[in-house]
Every structure is written in C-alpha cells, then in structure tokens.
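Notes for the one structure printed next.
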Amino acid sequence: MSRYPLIPSFSDRSLWEQAKGFTLVEVLVAISIFTIAITSIYGVFTSISASKDKLDLNSETYHLARVVLDRIGREVHGIYDHSSDDAAVLEGGFNDKGLVYLELSTTATVSTNIEGKGFASVRYELVEDTESTDGSYVIMRTEEPLLTDINLDNFPAMRMATGIKSLTVRYFSESTWSDKWDQSLQGFPDMLEVMITAYDKEGEEIPFLTAFKLPVNGS
1010 MSRYPLIPSF
1020 SDRSLWEQAK
1030 GFTLVEVLVA
1040 ISIFTIAITS
1050 IYGVFTSISA
1060 SKDKLDLNSE
1070 TYHLARVVLD
1080 RIGREVHGIY
1090 DHSSDDAAVL
1100 EGGFNDKGLV
1110 YLELSTTATV
1120 STNIEGKGFA
1130 SVRYELVEDT
1140 ESTDGSYVIM
1150 RTEEPLLTDI
1160 NLDNFPAMRM
1170 ATGIKSLTVR
1180 YFSESTWSDK
1190 WDQSLQGFPD
1200 MLEVMITAYD
1210 KEGEEIPFLT
1220 AFKLPVNGS
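For the sequence shown, our numbering begins at 1010 and goes up steadily by one.
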C-alpha cells in the first residue's frame, strides 16, 4: 500500500506560516509591556524603600515626642488639688522670654526619696538650646518634691527633648480655648492640649498633638 506525504492545503498552509513565530510588532509590544511592568514594580519598591528609610531616620524623633507626651499625660491625670502655697496646682502660660511653660502638682512621679511620697511640683518649660547651633529649643523638666525638706540642688532641670521648634499648651473650658491658665483663679479646665513641633534629621518640621482630660476637681 502506497503512502503519500500529507501536504497542507492552501488555507492550512497560511495558518501554519502565521504560527511559525511572532512578528516584529508583537515582539515590540511584548517588550513594551514588560518594560512598563518592571518600571512600575521598581517605582513601588523604591517608594516603599524610601518611606522605610525616612521612618528609620526619624524614629528617634517620634520616640522622643511620644515619651514626653506620655509623661505629661500621666502627670496631668495624677494632678492633685492641695492647699499648700509652696507650688501651683495647675498653672501655664509664658515666661519672661515669651516661651511656654506648664506647672502642675502631681502624684504621678517616681519618688527618689522615701520622704517625698511621690508628690511633687513638676514644671515643663521651653528654653533656647545653648548646646545647639541651629537655633532650636529644648523642653526642660524640673521636679520639686513637696511635703519634704529635700535639698532641691539634688533635682536639677532635665533636658527632656531637643531639636524642638515650638511647644504649645492650651486649656479648654466652657467651649473656649485659652493659652494661659491659673487654677487658683479659674479652677480646673475641662481639657488640656499639648502640641510639640520637632525638627527631624532632615530639618523638616513634624507636629505631635494630643489632649488630656483632667480628673474631676483635680482628684
């Protein structure tokens, strides 16, 4: 029995020739799509990497602001209304240089002496940073033990946060915000707002804002 090779018809041959490979246009389109995809992936990766690097670079600034605000919050929540004339229960405003200060009496301190009973007058104040050359400020914290005769020379002011642009403290009472307060004359406000604006490692300003509700009647 004779066998003859299968010869494709004209129409089959046309399809066969078309399937032999990609045309130049198809190759160029494929390369373009691949290039766009790779470029997009690289762009996303670069953006994520840059964000991570910036976050790592400024993590110290975020941590420092959180520590200061957390500490102020604890001491505000531990505010104590007393009748002593030695310290203000709650007072805030501006010092003689026009810089913000906040002073309060609180039980939320770590007693360094058994006689101190953990009750102290705490003062936060924004001052010029003499150890810096960039014109920034530093938040200083002073703790004065009350109900004791401890020598205050053992409790110098502490540098709480450096690289600060500004410190803002506001007091809310009767639907009104005020940047000054004296508890002995005005009683207790309903809320206290603190905003710290710090410089990051690249010199950009980063604001940190929080608010604290005061204990009822300061107790």
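Don't be surprised by glycine CBs; every beta carbon is placed ideally from N, CA and C.
Note that the structure is predicted; figures quoted are calculated from it, not measured.
- If you draw a 10 Å sphere on the C-beta of Arg1132, you find 16 or more other C-beta atoms in it, and that means buried.
- Residue burial is scored here from C-beta neighbours: Pro1154 has at least 16 other C-beta atoms within 10 angstroms and is therefore classed as buried.
- Between Asp1209 and the set Ala1117, His1072, Thr1116, Ala1166, the nearest pair of CA atoms involves His1072.
- Within the same chain, Val1098, Ser1114 come within 7 Å of His1091 by CB-CB distance, once the 5 residues on both sides are set aside.
- The shortest C-alpha to C-alpha distance from Val1076 to any of Ala1170, Gly1101, Ile1047 is the one to Ala1170.
- Taking all protein chains shown into account, Ser1130 has 16 or more neighbouring C-beta atoms within 10 Å of its C-beta and is therefore buried.
- Gly1107 carries a coil assignment under DSSP once its states are collapsed to helix, strand and coil.
- DSSP lists Tyr1146, Ala1207 as the bridge partner or partners of Ile1173.
- Taking the Cα positions, Leu1108 is about 16 Å away from Glu1202.
- Proximity to Asp1079 across Asp1191, Thr1070, Thr1219 peaks at Thr1219, based on C-alpha coordinates.
- Nearest to Leu1111 by alpha-carbon distance, out of Glu1213, Glu1140, Ile1081, is Ile1081.
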